[in-house]
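Chemist: Sharing a structure below in structure tokens format, with a few things to ask.
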Amino acid sequence: MQISRQPDSDEEPWPLTGVGWWDGKPQAMHEHADGQLIYPIAGVLAITTEIGTWMAAANRVGWTPAGWPHAHRAPARTQIAALAVPRELAESLPSQPAVFAASPLLREVLLALTGDRPLRVEARERLERVVIDELVDAAPEAAHLPEPRDDRLSAVTSLLRADLTDARTLTELGHEVGASARTLSRLFHDELGMGFHQWRTQLRIQNALVLLWDGHTVAETAVLCGWSSPSSFVEAFRASVGQTPGRYQAGRHQITDG
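One point on numbering: in this note's numbering, the residue at position 36 of the sequence shown is 36, and numbering is uninterrupted.
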């Protein structure tokens with residue numbers, strides 16, 4: 001089955017399948033008739049939905065199923081490769097957005113399918129099957145920052161979003177929103193599937209990815225995102241992203257120098 005290379009919507013800054021540069025402007029919520037894989041060749045891209053945000057960076061591939069309302073967000077100078085995936089081809093992929101590690105094979109096949117080089121129909125179909133096989137064999141990564149439904153929990157996460165350096169404990173935050181630490185802890189696990197500290201770390205990491213790509217130093221980013229020291233930030237970043245902040249930021253310098 002051949003994947004269409006035509007734009008799906010005027011809301012997209014690039015075709016549903018193809019390669020483009022993000023201009024840094026916000027994007028309205030929209031959806032596609034086909035699913036979409038997005039690979040940030042250089043930079044970082046967020047997939048935002050009503051239930052949370054998935055962040056794809058540093059050799060990750062973001063997946064959005066067909067008919068799923070979403071918006072993309074990325075800093076300027078982010079280069080994107082996007083591939084449309086028809087419903088019939090996506091039956092074995094997750095039913096909600098997800099982020100996968102991009103194996104060297106997956107990365108090269110995505111670039112071949114989204115590049116300018118013409119491909120025969122049979123060749124494209126074979127490569128498309130390789131993409132699906134690679135994703136099926138890869139477990140989705142924990143790159144999701146879920147959104148709460150409970151008003152008390154939403155009040156806590158809003159406080160954390162408003163000030164990434166807020167180091168208050170769950171007990172202290174609970175006093176402000178009128179809920180006990182025990183209740184909030186239960187809500188974090190029941191609604192969001194993770195603990196308070198894990199959610200806050202994920203929030204900080206997602207913001208750090210954008211700040212680093214925008215040109216902030218590692219030390220500046222550590223302070224702005226609430227880490228007590230650059231070394232603790234580097235450790236947390238490497239554990240989450242799979243590489244150091246400096247190595248991640250090197251991709252930006254290569255684009256600037258080029």
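Virtual Cβ for every residue (Gly too), placed ideally from N, Cα, C.
Residues in its own chain within less than 6 Å of cysteine 225 by CB, not counting five upstream and five downstream?
Modeler: One-based indexing of the sequence shown puts residue 225 at position 225. Excluding residues within five positions, the ones whose Cβ falls inside 6 Å are Leu164, Arg204, Asn207, Ala208.
Chemist: DSSP beta-bridge partners for valine 44?
Modeler: As a position in the sequence shown, residue 44 is number 44, starting the count at 1. Answer by DSSP bridge pairing, in chain order: Ala57.
Chemist: What's the call for glycine 35, buried or exposed, on a 16-neighbour Cβ count within 10 Å?
Modeler: By one-based count along the sequence shown, residue 35 stands at place 35. It counts as buried.
Chemist: Under the assumption that alanine 46 contacts alanine 74 (Cβ atoms under 8 Å), give the Cβ distance between them as a whole number of angstroms.
Modeler: Translated into positions along the sequence shown, residue 46 becomes position 46. Translated into positions along the sequence shown, residue 74 becomes position 74. With a Cβ gap of about 7 Å, alanine 46 and alanine 74 count as contacting.
Chemist: Which term fits valine 121, buried or exposed, when burial requires 16 or more other beta carbons within 10 angstroms of its beta carbon?
Modeler: Walking along the sequence shown from the start, residue 121 turns up at place 121. Around the C-beta of valine 121, fewer than 16 other C-beta atoms lie within 10 Å, and the residue is accordingly described as exposed.
Chemist: Which residues in the same chain as alanine 222 place their Cβ atom closer than 6 Å to its Cβ, once the five residues preceding and following it in sequence are excluded?
Modeler: Sequence index remark: in the sequence shown, residue 222 carries index 222 (1-based). Closer than 6 Å at Cβ, skipping near neighbours: Pro230, Phe233.
Chemist: Would alanine 81 and proline 65 be called neighbours here (beta carbons separated by less than 8 Å)?
Modeler: Numbered from 1 along the sequence shown, position 81 holds the residue referred to as residue 81. Numbered from 1 along the sequence shown, position 65 holds the residue referred to as residue 65. No.
Chemist: Put arginine 269 into one of helix, strand or coil per three-state DSSP.
Modeler: Summary: the structure shown does not reach residue 269, with the chain confined to residues 1 through 258, and so no result is reported for it.
Chemist: Would you mind working out which of Phe188, Val130, His175 sits nearest serine 154, comparing C-alpha positions?
Modeler: On the sequence shown, residue 154 is found 154 positions in, with the first residue counted as 1. Here the closest residue by C-alpha is Phe188.
Chemist: So valine 156 and leucine 145 are in contact, right, with Cβ under 8 Å, and what is the actual spacing, rounded?
Modeler: To locate residue 156, count along the sequence shown from 1; it is residue 156. To locate residue 145, count along the sequence shown from 1; it is residue 145. Not a contact, Cβ separation roughly 14 Å.
Chemist: Spell out the partners DSSP gives phenylalanine 100 in its beta bridges.
Modeler: Within the sequence shown, numbered from 1, the residue matching residue 100 stands at position 100. Note: phenylalanine 100 sits in a beta bridge opposite Val61.
Chemist: So does the region 48-57 actually touch the region 105-117, counting three or more Cβ pairs closer than 8 Å?
Modeler: no
Chemist: Taking the beta carbon of serine 240 as the centre, do at least 16 other beta carbons fall within 10 Å, making it buried, or is it exposed?
Modeler: In the sequence shown, residue 240 corresponds to position 240, counting from 1. The residue in question, serine 240, is buried, as its Cβ has 16 or more Cβ neighbours within 10 Å.
Chemist: Among Gln96, Ser228, Ala143, which has the Cα closest to the Cα of arginine 60?
Modeler: Position 60 of the sequence shown, counted from the start, is the residue given in the question as residue 60. Arginine 60 has its Cα closest to that of Ala143, out of Gln96, Ser228, Ala143.
Chemist: Do glycine 178 and arginine 152 have their C-beta atoms closer together than 8 Å?
Modeler: In the sequence shown, the residue the question calls residue 178 occupies position 178. In the sequence shown, the residue the question calls residue 152 occupies position 152. Yes, these two residues count as a Cβ contact at 8 Å.
Chemist: I believe histidine 32 touches leucine 16 by the beta-carbon criterion, under 8 Å. Please report the beta-carbon distance rounded to the nearest angstrom.
Modeler: Reading the sequence shown from its first residue, position 32 is the one you call residue 32. Reading the sequence shown from its first residue, position 16 is the one you call residue 16. Between leucine 16 and histidine 32 the Cβ distance is about 6 Å, and since that is below 8 Å, they are a contact.
Chemist: In or out: valine 136 buried (at least 16 other Cβ within 10 Å) or exposed?
Modeler: As a working note, residue 136 is residue 136 in the sequence shown. Under this definition valine 136 is an exposed residue.
Chemist: So the alpha helix (DSSP H) glutamine 202 belongs to, where does it begin and stop?
Modeler: In the sequence shown, counting from the first residue as 1, residue 202 sits at position 202. From DSSP, the alpha helix (DSSP H) with glutamine 202 extends over 196-213.
Chemist: Check this for me: beta carbons of proline 140 and phenylalanine 196, under 8 Å apart or not?
Modeler: Counted from its first residue, the sequence shown places residue 140 at position 140. Counted from its first residue, the sequence shown places residue 196 at position 196. No; because the gap between Cβ atoms is not below 8 Å, this pair is not in contact.
Chemist: Apart from the five residues on each side of it in sequence, which residues of its chain come closer than 6 Å, Cβ to Cβ, to alanine 98?
Modeler: Here the question's residue 98 lines up with position 98 in the sequence shown. Excluding positions up to five away in sequence, the list reads Trp63, Pro140.
Chemist: Out of curiosity, what's the CA-to-CA distance linking methionine 55 and valine 44?
Modeler: Residue 55 sits at position 55 when you count from the first residue of the sequence shown. Residue 44 sits at position 44 when you count from the first residue of the sequence shown. Cα-Cα distance, rounded: 7 Å.
Chemist: Would you decide whether proline 245 is buried or exposed? Buried here means 16 or more other CB atoms lie within 10 Å of its CB.
Modeler: As a working note, residue 245 is residue 245 in the sequence shown. Its Cβ being crowded by 16 or more others within 10 Å, proline 245 is buried.
Chemist: Return the chain-ordered list of same chain residues with a C-beta closer than 8 Å to the C-beta of leucine 93, the five sequence neighbours on each side being excluded.
Modeler: For the purposes of this step, residue 93 is taken as the residue at position 93 of the sequence shown. If we look at leucine 93 and ignore the five residues flanking it on each side, its Cβ neighbours are Gly35, Trp63, Pro65, Val85, Ile132, Leu135, Val136.
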